[in-house]
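Visitor: One point on numbering: in my numbering, the residue at position 8 of the sequence shown is 473, and numbering is uninterrupted. Glycine included, each C-beta is placed from N, C-alpha and C at the ideal position.
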Amino acid sequence: MIQLTVNGRSREVDVEPEMPLLWVLRDVLDLKGPKFGCGIAQCGACTVHVNGEPTRSCSFPVSAAAGK
């Protein structure tokens, strides 16, 4: 289980640690704000804030966001 804070709410997800944060947000938590664009962190469609910093979620493992 990985614990995340998403939109101010604590959430726990049971996924592989290397799963991209984008797919956790879209497929597991059913949040459709971040989009899939290029898949190589170039276009910015998947950008989310992690601790106030813009982060390309398509190439950011969910384990790196744990506890944040």
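Assuming V471 and V480 make a contact with CB atoms under 8 Å, what is their CB distance in whole Å?
Guide: Their Cβ separation, rounded to whole angstroms, is 13 Å, which puts V471 and V480 out of contact at 8 Å.
Visitor: Looking at S522: is its Cβ nearer than 8 Å to the Cβ of L487?
Guide: yes
Visitor: Looking only at C-alpha atoms, which of G473, M466, L490, V478 sits nearest to P499?
Guide: L490
Visitor: Could you give the uninterrupted runs of the beta strand (DSSP E) lying entirely in the segment 467-501, keeping only those of 3 residues or more?
Guide: 467-471, 474-478
Visitor: So, is A531 buried or exposed, given that buried needs 16 or more other C-beta atoms within 10 angstroms?
Guide: exposed
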